[in-house]
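Residue numbers (the working numbering), protein chains in the order written: chain L, 10 to 686; chain W, 10 to 686.
Since the structure comes first, as structure tokens, the remarks are kept for the end.
Protein chains: 2
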Amino acid sequence: MKILTLGGWLMASSAWLPVAHGELNLMPQPAHVVSGQGKLRIDQSFRIALPGYREPRLEHAAARLIEHLESKTGMPLSRDLSADAAGATLEISTAAASSPVQKLGEDESYRLDVSSGHARLTASNPLGILRGMETFLQLVEADKETFAVPALQIEDRPRFPWRGLMLDVARHWMPADVVRRNLEAMAALKLNVLHWHLSDDQGFRVESRRLPKLHEMGSDGHYYTQQQIREIIEFARDRGIRVVPEFDMPGHTTAWFVGHPELASAPGPYSIERKWGIFDPAMDPTRDEVYRFLDAFIGEMAGLFPDDYFHIGGDEVNGKQWDRNPAIQAFMREHGLKDNVALQAYFNTRLQPIVTAHGKKVIGWDEVFAPTLPKDIVVQSWRGQKSLADAARLGYMGILSAGYYLDLMHSAEFHYSVDPAEKESASLTAEQKARILGGEACMWSEYVTPENIDMRIWPRAAAIAERFWSPQEVKDVASMYRRLAAASRDLEWRGARHASSHHLMLERLADGHPAGPLATLSDVVEPVKEYSREEARQYTSFTPLNRLVDATRPESDVARDFGNLVDRVLAAASDAASSRDQLRRRLTQWRDNHAALAPELESSFLLQELIPVSQNLSALGSAGLEALDYLAARHKPDSVWVEKQQALLDEAKKSHAELLLMIAPHVEKLVHAAAHR
Amino acid sequence: MKILTLGGWLMASSAWLPVAHGELNLMPQPAHVVSGQGKLRIDQSFRIALPGYREPRLEHAAARLIEHLESKTGMPLSRDLSADAAGATLEISTAAASSPVQKLGEDESYRLDVSSGHARLTASNPLGILRGMETFLQLVEADKETFAVPALQIEDRPRFPWRGLMLDVARHWMPADVVRRNLEAMAALKLNVLHWHLSDDQGFRVESRRLPKLHEMGSDGHYYTQQQIREIIEFARDRGIRVVPEFDMPGHTTAWFVGHPELASAPGPYSIERKWGIFDPAMDPTRDEVYRFLDAFIGEMAGLFPDDYFHIGGDEVNGKQWDRNPAIQAFMREHGLKDNVALQAYFNTRLQPIVTAHGKKVIGWDEVFAPTLPKDIVVQSWRGQKSLADAARLGYMGILSAGYYLDLMHSAEFHYSVDPAEKESASLTAEQKARILGGEACMWSEYVTPENIDMRIWPRAAAIAERFWSPQEVKDVASMYRRLAAASRDLEWRGARHASSHHLMLERLADGHPAGPLATLSDVVEPVKEYSREEARQYTSFTPLNRLVDATRPESDVARDFGNLVDRVLAAASDAASSRDQLRRRLTQWRDNHAALAPELESSFLLQELIPVSQNLSALGSAGLEALDYLAARHKPDSVWVEKQQALLDEAKKSHAELLLMIAPHVEKLVHAAAHR
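In structure tokens, the structure reads:
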């Protein structure tokens, strides 16, 4: 057997070679892999055996694995599950049950042994089996004779025990189907926590039987029934995913106050918030009736959500209602609460025992942290890694979300480079580091609908999932992108709609015209980053999200590939000649695209805003081709040409229609190279 | 107002102009359209009012229309339905209820008046409203300022009252979701009958509570529960679609005999048939116990399926079990039944009163027809139009399916050219013609799975739907194809998966390689026609349908477009120069494709069979380019060249991997033009 270390894989990889057969399309990368001789055929004789411990969850998982193999291969397979390993292709041995309610930190390790005759997956409990099944499925590939899995041994376990995805279903409502298909995708990437952001100023999304005005008046009719919640929790549990509900308090609570203005710090009436941002309404921390209400509410929700943790939110209280309320001011003076931070800490010290009394542990955003709280709370850091490190030093557990906000439209590489144990956490002791439980990718929903949310989550969240699962040294970006492409294809088979929605939305924009030229433009743009959309126009929950900025992908693979080509050409790499040909083809396509696209852009009110972007793309194509001509002729351009190109580049790098032309910096490199030859 | 006759539209259309704005993307074409001045804006103020008669089905339909408008525009819309027409964008006025169980021949007409301020849809009952809503939805388009519907008046009614799609769910099992999404697509095209082929040799697909061995032993566990059946019937009724069940008898009944061998004409045991074709097992028409069984069974099914019609099948009894059974032979002699046709007629004369006693009318395939049967039966003609005409002359009603078999992989144009009232029926009297109720597209499922069935039905069935709905003179093929492209896009928004499955299946075949070159090949091939797949290899119900022949579309738009370009060039049409440039680009792409695709084809056992197809495509590209060179040079090629090209063309026109290279005949035209200049 040949030892294939992770380093070996990564070194063998190169962004500009085709995927080498033999490189494994695994995401996340397992902790240890040893490659063997030969392959295990996967054909219609495929059978799973479940000797040893058996429970319905394992049987469901085996049935799903067979279905997913059918999807991946297009072969009908037998549904029979035997208890007898003899004759089975994949033997699955589980030692014992896992906890009835999945616990933080439960063993998720597994071992997978594949020889040319047989595969064996073993784990101490069903969670490890679930993780190992995903690895097995990713290994299936067609070769010259058959579908097959390469012979190998994998020993795998997660680096962090808390690997989450936060879904905001308050700002834009996400029906149960959207949650389910994203849970399925999470399972494929070994994520294990759905953090369900269920209430905010713009909506209260859970049926409360004790306090029905919450959902009846706070949701526009868009809420999950308790039955739906139970079904989703069961669906998640079947896939080894915990469901942590968040009810954000004491701010972000306008939707609660529509039915219950008495909880607020200023008199009502309130209506559901339609804008995005930070708003004044906040619960009144000074009145006992507020805590009695929360006791009743949390008691009901604690019965509905079985997880040990209960997320109390706690972020972004601007304190304005508190400042303006004389009774609250008097209370603060009376109790020696010197500022609003102290008042919120007071709120949390009242709230935490209520949550605990109902059998739950508290998790909250950064702002909930105060050294007066018990040590079993979890701090979710969204403002930076420092607060995570600070809390760990003081003995508190934490998870990282700063750097993992999917709504900010950063690249997979950006998120992949963020590590919960690095930067401010790098200097922690081992004991302190162990308090860093992992992290969560966050999908805030101001600018997503059920139509495009999958496109905003996947495939980028898969890179974050690898960061949370794989060893810290797994960092090769080129390898990540290559495996991410495979993971992305697999995800569509699992029901995620990131690719199909993109195509449908582009076709809608093209409105009967050929979609090709619009796709060419879409392929090289990205939505503006961070919070720039807020500055571009006044969005509300009613604003249609049907423009190119909503339909295009968050990350341009074409621009990244183009940038790599430019680098190879300018570095005079060994394949520079073929790269130069590719560059010319690309640039020519872009130069000519506006002529094909212009009539379409002019004909639709949804597309007119793209005219300057399309013109700039065309101009960048010309500029790049001219720069290549100068470089080929070894002839330095005159300063008039250089200045003209620089003016064009400066214009092309600006956002238009909330879009950025991602090839502009790469064309700029070509222009500068020509100018400074 | 300008009268826009249908002929006016059709004359204005041309295959080689872009879709003219102003041409309406309606499919099926309405009976009468008058265009008006201006447009009705469709924006977020859109509201539906339902004054007059109101029932839950209308409210569901209005809610769905709003959802579909949201999908089509990407705008969130209000869900409020008012009874007050004032201020509504679309006023929907229904005179009265339709029949509780939808009847054959019920009024489906509607009138749609759109002005720049308001739209009004009126109909005598909810069926007409359902049809008119689909028309309204198809009219919505983006212009320079807004989404809008053009001002117009439409008076519309169907040409035929029976406009069906037959789904075979026996040979390959189709889960309830597949049926539902195809019902949704049918509704979009104004089809009104789902003919559900529920039993055959390869499976018995309905739960029978009285006779549970039917589904328990005859289905591999793949059957619809009675609850699912009821839900699907309700789903169909909500969309104005009748559901006619078919239980094929006395042949095609192997799956019944697994649990009930006593019904057969030869002793058992029987097992579920796994092959395709015509098999010997048939019910024994001579024994009373068979009719007692059928009485119990049909009684149960008559309660489950509310439609007036009950399909008894009756096709393809080969009679071999009858020939070999001495008791049956004795019975025939005793009763003067001279041959097996007479014996089947005897079976039908016994079966028909049983069906009638349970409140149903009989429909059956061609072979059930005998002039001894009562006049209210319906004959479904699958062997040709003659039997339909013959039956009509004798006073029997009929529907046409010959010419509408989607599984035979004919083009939309082929199906579109078949008219139930033409050919042998053209000479019928008006009274006889009125007995021709319409037709059904048939989707037999030997070569489809839930994965690719949508691709086999849509969009081609939309052309058939137009044949059944629109006036007989609506026949312009270029107009049909242009509108079919729009209908196809709309269908994906409605949930049909013909486009997305195609992409996913191609990506699976590409298995991580770029899908582009494989798509280029796929775009110019079609599966072999008629029953050629049966000759190519021995298929069974276990055979994977995961090759290019299963993933590619039934009809190559690219080849059709290419053929039109060739014709324009050879006819020296006014745009011949630009057509010639397009031809050269296409041919160059094809010539160069094999070089890009070959490594991929060689690497996968699923793709190796495509190597000769891909080589032929490349050679055709070269041949076409050379022919263009000769034509441009006005230089006649020598006979060696001509013979070499002819040999290539003869080879390229042969099927390989069950695929046909559809550009071959068009390249042949270029070669011949060069040779005979």
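Every residue gets a Cβ at the ideal spot worked out from N, C-alpha and C, and that includes glycine.
Being a predicted model, the structure only gives us computed values, none of them experimental.
C-beta atoms of residue i and residue j nearer than 8 angstroms
| i | j | result |
| --- | --- | --- |
| L:MET84 | W:PRO646 | no |
| L:GLN389 | L:ASP428 | no |
| W:GLN237 | W:ARG283 | no |
| W:LEU360 | W:ILE321 | yes |
| L:GLN330 | L:ALA264 | no |
| L:LEU198 | L:PRO37 | yes |
| W:GLN235 | W:LEU313 | yes |
| L:LEU592 | L:VAL575 | yes |
Separation of residue j from residue i, as counted between CA atoms
| i | j | result |
| --- | --- | --- |
| W:PHE306 | W:GLU677 | 58 angstroms |
| W:GLY126 | W:GLU154 | 16 angstroms |
| W:ARG50 | L:HIS511 | 26 angstroms |
| W:LEU657 | W:ALA684 | 15 angstroms |
| W:HIS269 | W:ASN334 | 18 angstroms |
| L:LEU223 | W:GLU564 | 54 angstroms |
| L:VAL158 | L:SER80 | 16 angstroms |
| W:GLU376 | W:ARG88 | 51 angstroms |
| W:ARG218 | W:GLY308 | 11 angstroms |
| W:PRO27 | L:ARG172 | Caution is warranted here: a pLDDT of 31 is assigned to W:PRO27, below 50, making its placement in the model unreliable, and the coordinate value is therefore given only provisionally. Roughly 51 angstroms between the two C-alpha positions. |
| W:PRO674 | W:ASN573 | 12 angstroms |
| W:LEU346 | W:PHE356 | 11 angstroms |
| L:PRO259 | L:ILE337 | 14 angstroms |
Residue from the options whose Cα sits closest to the Cα of residue i
| i | options | result |
| --- | --- | --- |
| W:MET195 | W:PHE266, W:THR155 and W:TRP478 | W:TRP478 |
| W:ASP520 | W:LEU668, W:GLU611, W:THR549 and W:GLN591 | W:GLU611 |
| W:ALA132 | W:SER124, W:SER118, W:MET142 and W:PHE145 | W:SER118 |
| L:MET406 | L:ASP289, L:VAL387, L:LEU530 and L:GLY61 | L:VAL387 |
| W:ALA179 | W:TYR233, W:PRO60 and W:ILE57 | W:TYR233 |
| W:LEU382 | W:LYS395, W:TRP391, W:PRO362 and W:ASP601 | W:PRO362 |
| L:GLU449 | L:LEU415, L:THR458 and L:THR549 | L:LEU415 |
| W:THR82 | W:GLN147, W:ASP463, W:ASP584 and W:LEU409 | W:GLN147 |
| W:GLU660 | W:LEU192, W:SER274 and W:SER627 | W:SER627 |
| L:LEU409 | L:GLY249, L:LEU360 and L:GLY373 | L:GLY373 |
| L:SER1 | L:ALA495, L:ILE163 and L:ALA151 | What is shown of chain L runs 10 to 686, which leaves residue 1 of chain L out entirely. |
| W:SER108 | W:ARG251, W:LEU121 and W:LEU615 | W:ARG251 |
| W:GLU64 | W:LEU86, W:ARG359 and W:ALA92 | W:ALA92 |
| W:TRP453 | W:LYS432, W:TYR548 and W:LEU176 | W:LEU176 |
| L:ARG469 | L:THR438, L:THR529, L:TRP502 and L:SER426 | L:SER426 |
| L:GLN655 | L:ALA632, L:LEU669 and L:LEU670 | L:ALA632 |
| W:ARG166 | W:LEU121, W:TYR62 and W:ARG190 | W:LEU121 |
Segment limits, alpha helix (DSSP H) that includes residue i
| i | result |
| --- | --- |
| L:TYR639 | 620–642 |
| W:ALA661 | 648–661 |
| L:ARG577 | 566–579 |
| W:TRP502 | 486–502 |
Range covered by the beta strand (DSSP E) that runs through residue i
| i | result |
| --- | --- |
| W:LYS48 | 41–51 |
| L:ARG88 | Where L:ARG88 is concerned, there is no enclosing beta strand (DSSP E), given that its DSSP letter is neither H nor E. |
| W:ARG129 | 128–132 |
Quiz item: With a cut-off of 8 angstroms, do at least 3 Cβ pairs link the segment 392–408 of chain L to the segment 435–450 of chain L?
Solution: The segment 392–408 of chain L is in contact with the segment 435–450 of chain L.
Quiz item: Does the count of Cβ pairs from the segment 69–76 of chain L and the segment 539–554 of chain W closer than 8 angstroms reach three?
Solution: Three or more Cβ pairs closer than 8 angstroms define a contact, and the segment 69–76 of chain L falls short of that threshold against the segment 539–554 of chain W.
Practice problem: Count the C-beta pairs between the segment 486–500 of chain W and the segment 577–585 of chain W that are closer than 8 angstroms, then say yes if the count reaches three, no if not. | Solution: Verdict: no, contact absent.
Quiz item: Are the segment 609–625 of chain W and the segment 637–653 of chain W touching, with three or more C-beta to C-beta distances below 8 angstroms?
Solution: Contact fails: fewer than three Cβ-Cβ distances are below 8 angstroms.
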